[in-house]
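What follows is one structure encoded as structure tokens, with my remarks underneath.
Below, the structure is given as structure tokens:
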């Protein structure tokens, strides 16, 4: 009961923080999600160290330097994307980040210890997985077709993304716990079932239809399509993070959120669902 209460308090604070960041002010969104990116990178590097993919396993200093350097790069990528997506600056803002990526590759020529391929692989994967996926949220909250300068902060699609993911997580958990029999992906996540997946999918699709008054500009079939994409790709995102943890021999990605684990544990679905939702919005909604 104590753990359940702790999970409830943490979960409520987590949801409140996300909603506030998406509804109050764009710079609150920038600050919160930049912090999320930094924490996600810290946890990702921690997991890869457990797998033994970081160089110089006997020397902690290079690992710490790699981790901090990677976090700095990820924070710059998210911030630069915010500034570019909101039309506060041009694409030249990415020039330092390109230099960062090139420098990461060149540094492997001078780093004497460890495996340079592993060093490059971990560094680039960290940027793509734990920073680049979050950066796509900026193009969801700022419409590239908006001609105002700076662009208006329209966070309703991002809020829809999070609400549907939360409903899917909740629905899949309760349905799977009640009637789950057929394992969805036992090799990676033994607790997930097809019944839970389908239960979450039905709940999310129904919610997408019921939310029509809040999204009058979004046709019902677009809302249903987005719900299918979010549940399907979000489940893959959950499984990807589960595979990373299983390979690292870790139960949770971190301990930042009491009762819930780490940042990666809470955002794993969002990290893949956000790019997929953005692609759908750009091709079928904003581009139509």
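Numbering (our numbering), first residue to last: -9 to 278. Cβ atoms here follow ideal geometry from the backbone N, Cα and C, with glycine treated the same way.
If you reduce the DSSP assignment to three classes, tell me which class residue i lands in.
| i | result |
| --- | --- |
| residue 283 | Beyond the ends of the chain as shown, which are -9 and 278, falls residue 283; an answer cannot be given. |
| residue 99 | coil |
| residue 174 | strand |
| residue 180 | strand |
| residue -7 | helix |
| residue 106 | helix |
| residue 30 | helix |
| residue 199 | helix |
| residue 206 | coil |
| residue 53 | helix |
| residue 277 | coil |
Suppose you measure from the CA of residue i to the CA of residue j; what does that come to, to the nearest Å?
| i | j | result |
| --- | --- | --- |
| residue 209 | residue 21 | 32 Å |
| residue 202 | residue 146 | 12 Å |
| residue 246 | residue 252 | 5 Å |
| residue 206 | residue 274 | 16 Å |
| residue 57 | residue 32 | 7 Å |
| residue 91 | residue 132 | 26 Å |
| residue 134 | residue 70 | 15 Å |
| residue 142 | residue 77 | 10 Å |
Use the C-beta contact count for residue i: other C-beta atoms within 10 angstroms, 16 or more gives buried, fewer gives exposed.
| i | result |
| --- | --- |
| residue -7 | exposed |
| residue 89 | exposed |
| residue 102 | exposed |
| residue 16 | buried |
| residue 271 | buried |
| residue 256 | buried |
Please list the segments of the alpha helix (DSSP H) lying wholly inside the region 118 to 156, counting only runs of 4 or more residues, in order along the chain. Those alpha helix (DSSP H) runs which fall completely within the region 118 to 156 and span 4+ residues are 127 to 131.
For the region 147 to 157 against the region 185 to 199, are there 3 or more C-beta pairs whose distance is under 8 Å? The region 147 to 157 is in contact with the region 185 to 199.
In chain order, which alpha helix (DSSP H) runs of at least 4 residues are fully inside the region 236 to 264? Taking only runs of at least 4 residues, no alpha helix (DSSP H) segment lies wholly in the region 236 to 264.
Just checking, does the region 3 to 20 make contact with the region 217 to 230 on the three C-beta pairs under 8 Å criterion? Taking a cut-off of 8 Å for Cβ pairs, the region 3 to 20 and the region 217 to 230 do not touch, as fewer than three such pairs fall below it.
Count the CB pairs spanning the region 159 to 176 and the region 23 to 30 that are closer than 8 Å, and state whether there are at least three. Touching, no.
Please go through the region -2 to 42 and give each complete alpha helix (DSSP H) segment of 4 or more residues, from N-terminal end onward. 16 to 41, all fully within the region -2 to 42.
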